[in-house]
Each structure stands twice: as structure tokens, then as C-alpha cells.
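In the working numbering, the protein residues as written are 78 to 424.
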Amino acid sequence: MNKVSKELKTGVLLVNLGTPDSPSVPDVRKYLREFLWDERVLDIPAVPRWLLVNAIIAPFRSPKSAKVYRELWTENGSPLKIYGLANERDLQTKLGDQYIVKLAMRYQNPSIQSKLDEFQTSGIKDLIVIPLFPHYASASTGSVYQKVMEIVSKWLVIPEIKIVNNFYDYPKFIAGFAANARKHMENFDYEHFLFSYHGIPERQITKGDCHNVCKFGTCCDNITEKNQHCYRAQCFETTRLLVKELGLKEGTYTTSFQSRLGKTPWIKPYSDDVIKEFGKKGIKSVLAFSPAFVSDCLETTIEVGDEYKELFEEYGGEKWDLVESLNDSENWVNLLEELVLENSHQK
78 MNKVSKELKT GVLLVNLGTP DSPSVPDVRK YLREFLWDER VLDIPAVPRW LLVNAIIAPF
138 RSPKSAKVYR ELWTENGSPL KIYGLANERD LQTKLGDQYI VKLAMRYQNP SIQSKLDEFQ
198 TSGIKDLIVI PLFPHYASAS TGSVYQKVME IVSKWLVIPE IKIVNNFYDY PKFIAGFAAN
258 ARKHMENFDY EHFLFSYHGI PERQITKGDC HNVCKFGTCC DNITEKNQHC YRAQCFETTR
318 LLVKELGLKE GTYTTSFQSR LGKTPWIKPY SDDVIKEFGK KGIKSVLAFS PAFVSDCLET
378 TIEVGDEYKE LFEEYGGEKW DLVESLNDSE NWVNLLEELV LENSHQK
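Put into C-alpha cells, the structure is as follows:
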């Protein structure tokens, strides 16, 4: 490698979903409009999508969502952004000056456009994009792919680009969640363990099923060549890996899916239905995981940590605890470093 090559830097773009700029109703409405206008998130034709987002969801859901965001917000802002900036800083320190690490959000700020503009003017030799989603889904990782390529495709000079597709089965990812779980398990003997993942519409799984193998059932019992890109199958595999790592007994754990929207079928089983069944079965203590998120956010802290706890207690449960996400832990930053190095030409 010559001297010039050594001086050229590799860009590393970390991309999370996004957060409103503030918990105010106007900022939350703006965020929801951008998020739901994405054709990969709300995969219906443009005209009904525009009407649904702008005439129904954004106007009526924004006040309620803003109230929830205010519960989540800290004096330093959104936890999702706080942890993301910490990841940017810590990963930059680990990688050194041959790399330029930047955080972006798929929706709102800091935007992917602004950070790619900075990379373009800084003269990077190649770019590694890491969507901060452990499992591949069209509405998350796929949307990041599309947005990055829409922007970069307009550049006259396009550097080599590598995009991390998923990391749900990486040992450091499993070890990170297991380590957080053990902190709870050392102090209490839980009856049951719930692995709750973010849901997506069934139609998105079906549309991406090129081999026609998805039956939304036992087809997710293992990862194969034909279902390797299936979001649901990847989630069930994450559960199996965590169960093995933690030594959980068969029959003491459940995989489910949360955050469904609308009346069309989403992937099952639904987390809230599962929790109600816990009450009917007399289960009194649960340790909940939310391994679809690397940073604690509204869907973990509020939905799983608070709302599901209230539901569990309503149906007779007594103890409900949430395993923290990877956030700014050493395990997580080490995994980010691993993902960069295995995709980098730097020596």
C-alpha cells in the first residue's frame, strides 16, 4: 500500500431509524409524515398513502405520540440520538484516524443526505454503511439501502460502498443481550422469558418470499438458503441463540411481535395477546427482551417496559422486567468495530 492510499480514509455511516427533533406535536407530526411516507414502510399506492398519512395518521396520532415522547425524553434529548452519538464517538476512538465515523437517521436529523454530503467533500476512498437494525426488513435496512443509493447515484464519482445486511447471529450481539439479561437473572428466578420483536405486515414477508416457502409457522424453525432473508425467521433464530447462550429450559420462553398498525395481518404471535395468555396460565414473573432494537427507545422503554408491564399486571402478573438494549455498552461498540473491519480494505 503506497503512502497516498494510507492517507485516504474510509467513511463509516451508522444509520438508525430516527427521532423527532423534539417531543412537541409539530415536530412529532413532521417525523411521522416522513416516516410513513416511505413506500417501504407503508407499502400501498401513493395516492391512498398520501391520504392516510396526511389526512388521518399524522393529524390524529401526533398529539398522542408527542405525549409518549415527552415521557421518554431526557434533558439531553432523545435516548436514540444520545446513544447513537455515543456510538459514533466510541467507534471513532476505536478505529482511529484512518476512518471517519458519522451517525445519521433514516428519518429527520441528522439526515443521511447531510452526512453523505460531508463524506463526499472529505474525499473518502470507500464507504461502509451500517444500518443499526440486527435483522433485515424491507422497511428498515432495505429503506436505508434505497435512500443511500438514491443519493450516491447522483455523484459523478461513486466510491466503493458496502452495506451491512444484518448481524442478528453475530456472537457479540448475542453476548451483549445475554450479559444484560444475566444482571436481572442473578437477582430473581423468572418463571418465563418473552422475546418481543418489532412486527411488520405479513404482506411484506410474502412479497419478499422468492422461493414461496413462507407459511408463517414452522418454516421459521431454522435458517435455510431459502428463508435466510426472512425477517420473521431471523427473529426466531435470535431467540434460539439467546436461549442457548442463557441456558433457558424448553417451555419457559416465547417469541412474539409488537407494534402492529392497522387492520391488515401482521406477523404473529402478537405480544399483547401472548401476555394476556400468561395471566390465564398463572405466570407471575417475566423477563422481557426486545432484541430488534440496539438502543432503548419508545418501542422498548415505553411499549415493552411500561405498557406491557401494565397489561401483564392487569392479567394477574406480579413481576415484569425489561432487559436493556445494547445502548453504549462495550460489547456493542466492539461489534460495530468488527462489522467495520470485516468490510474494510484498511490494514
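Yeah, the Cβ is synthetic: ideal placement off N, Cα and C, and Gly gets one too. No experiment lies behind these values; they were computed from the predicted model shown.
{"Asked": "Residues bridged to W409 [DSSP beta-bridge criterion]", "Found": "Paired residue(s): none; W409 is not in a bridge."}
{"Asked": "The segment 189 to 200 touching the segment 399 to 411, judged by at least three CB pairs closer than 8 Å", "Found": "no"}
{"Asked": "C-alpha distance - G285 paired with E395, whole-angstrom precision", "Found": "41 Å"}
{"Asked": "Reduced DSSP category for N93 - H, G, I as helix; E, B as strand; rest coil", "Found": "strand"}
{"Asked": "Residues bridged to A181 [DSSP beta-bridge criterion]", "Found": "V92"}
{"Asked": "DSSP beta-bridge partners of Y347", "Found": "F334"}
{"Asked": "Neighbourhood of L157 by C-beta, 7 Å cutoff - its chain only, sequence neighbours within 5 removed", "Found": "N93, T96, S372 and C374"}
{"Asked": "Classification of I205 by the beta-carbon crowding that lies within 10 angstroms, buried from 16 upward", "Found": "buried"}
{"Asked": "Whole-angstrom C-beta distance between A369 and Y222, which should lie under 8 Å", "Found": "Between A369 and Y222 the Cβ distance is about 18 Å, and since that is not below 8 Å, they are no contact."}
{"Asked": "L233, DSSP secondary structure in three states", "Found": "coil"}
{"Asked": "7 Å CB neighbourhood of L323 in its chain, flanking five on each side removed", "Found": "A255 and A258"}
{"Asked": "Assigned secondary structure, L109 (DSSP; H/G/I helix, E/B strand, else coil)", "Found": "helix"}
{"Asked": "C-alpha gap between D398 and F355, whole angstroms", "Found": "15 Å"}
{"Asked": "Nearest-angstrom Cα separation, counted from Y184 out to A216", "Found": "12 Å"}
{"Asked": "Sub-8 Å separation of Q281 and D120 beta-carbons", "Found": "yes"}
{"Asked": "Assumed close pair S139, V118 - CB separation to whole angstroms, cut-off 8 Å", "Found": "Not quite, the Cβ-Cβ distance comes to about 16 Å (not below 8 Å), so this is no contact."}
{"Asked": "CB-CB length for Q423 against Q175, believed under 8 Å", "Found": "5 Å"}
{"Asked": "Between the CA atoms of F389 and T151 - distance to the nearest angstrom", "Found": "26 Å"}
{"Asked": "L172 to D405 span [Cα, whole Å]", "Found": "16 Å"}
{"Asked": "Sub-8 Å separation of L85 and K239 beta-carbons", "Found": "no"}
{"Asked": "Y213 versus I228, I207, N242 and V225, residue with shortest Cα-Cα distance", "Found": "N242"}
{"Asked": "Collapsed DSSP secondary structure at I121 in the structure displayed", "Found": "coil"}
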